[in-house]
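Trainee: The sequence shown begins at 43 in this note's numbering and counts up by one.
Idealized CB from N, CA, C, for every residue including glycine.
Questions regarding the structure given below will be posed in turn.
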Amino acid sequence: MKKILIIEDEAIISFGYRLQLEQMGFHVTGSASSSAEAEQMIRDDHPDAIMMDVYLKGEKTGLDLAREIRAKDNLPIVFLTASSKPEIVEGIRQLNGCHYLLKPVDPDGLNQVLHRIMHETA
43 MKKILIIEDE AIISFGYRLQ LEQMGFHVTG SASSSAEAEQ MIRDDHPDAI MMDVYLKGEK
103 TGLDLAREIR AKDNLPIVFL TASSKPEIVE GIRQLNGCHY LLKPVDPDGL NQVLHRIMHE
163 TA
């Protein structure tokens, strides 16, 4: 079973994602609300993929954290964001191995993206 880490600073949204992912057959290793918490969970839990919001609590944005993760590891990252600002979209595009979906997230679209990236990294 593929493991996914959720990085989302809104607890209720994170819980909803957890339920969706588990219904899709994924194992959620945990939910982090900040970049510091996420970094620790990545080291401890070794997820197969990350689902992350662009805006997080703390000093780093999701884009900052993704740059650091991708510099160390080839983990696929799916951003879930309500922002369609050109600088956000371009920032995600510049990160190889990262994808994004606009909120509210269509569960079927999320399922397709996750299965595709899991197949690509298998």
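Comparing C-alpha positions only, which one of 151, 162, 102 sits nearest to residue 63?
Mentor: As a first step, residue 63 is located in the sequence shown; it is residue number 21 there, counting from the start. Ranking the options by Cα distance to residue 63, first place goes to 151.
Trainee: Could you check whether the segment 63-80 touches the segment 137-144, counting it as contact only if at least three pairs of C-beta atoms, one from each stretch, sit closer than 8 angstroms?
Mentor: Contact between the segment 63-80 and the segment 137-144 is absent, because fewer than three Cβ pairs lie under 8 angstroms.
Trainee: Spatial neighbours of residue 143 within its chain, please: CB distance less than 7 angstroms, with the 5 preceding and 5 following residues excluded, ordered by chain position.
Mentor: Within the sequence shown, the letter at position 101 stands for residue 143. For residue 143, where only same-chain residues beyond five positions count, the Cβ hits under 7 angstroms are 120, 122, 151, 152, 155.
Trainee: Helix, strand or coil: how does DSSP classify residue 77 here?
Mentor: For the purposes of this step, residue 77 is taken as residue 35 along the sequence shown, with counting starting at 1. Helix, per DSSP.
Trainee: Keeping to the same chain, check which residues put their C-beta closer than 8 angstroms to that of residue 112; ignore five residues upstream and five downstream.
Mentor: Here the question's residue 112 lines up with position 70 in the sequence shown. So the qualifying residues of the chain are 119, 137, 138, 139, 140.
Trainee: Look up residue 141 in the DSSP assignment and give the residues it is bridged to.
Mentor: One-based indexing of the sequence shown puts residue 141 at position 99. Its beta-bridge partners are 120.
Trainee: Using 8 angstroms as the threshold, is the segment 51-62 in touch with the segment 92-112, meaning 3 or more CB pairs across them?
Mentor: Yes, since at least three Cβ pairs between the segment 51-62 and the segment 92-112 fall closer than 8 angstroms, the two stretches touch.
Trainee: Would you say residue 90 and residue 44 are within 8 angstroms of each other, going by their C-beta atoms?
Mentor: Taking the first residue of the sequence shown as position 1, residue 90 is located at position 48. Taking the first residue of the sequence shown as position 1, residue 44 is located at position 2. For residue 90 and residue 44, yes; Cβs fall inside 8 angstroms.
Trainee: Residues in its own chain within less than 8 angstroms of residue 145 by CB, not counting five upstream and five downstream?
Mentor: By one-based count along the sequence shown, residue 145 stands at place 103. If we look at residue 145 and ignore the five residues flanking it on each side, its Cβ neighbours are 122, 123, 124.
Trainee: Here's a check: name, in chain order, each residue in its chain whose Cβ is nearer than 8 angstroms to the Cβ of residue 87, leaving out the five neighbours to either side.
Mentor: Within the sequence shown, residue 87 is the residue found at index 45, counting from 1. Counting only Cβ-Cβ distances below 8 angstroms, and skipping sequence neighbours, we find 45, 47, 71, 72.
Trainee: Would you list the one or two residues that DSSP bridges to residue 191?
Mentor: In the structure as shown, the chain starts at 43 and stops at 164, and residue 191 therefore has no counterpart that could be examined.
Trainee: To the nearest angstrom, how far is it from the Cα of residue 93 to the Cα of residue 101?
Mentor: In the sequence shown, counting from the first residue as 1, residue 93 sits at position 51. In the sequence shown, counting from the first residue as 1, residue 101 sits at position 59. Taking the straight line from one Cα to the other gives about 19 angstroms.
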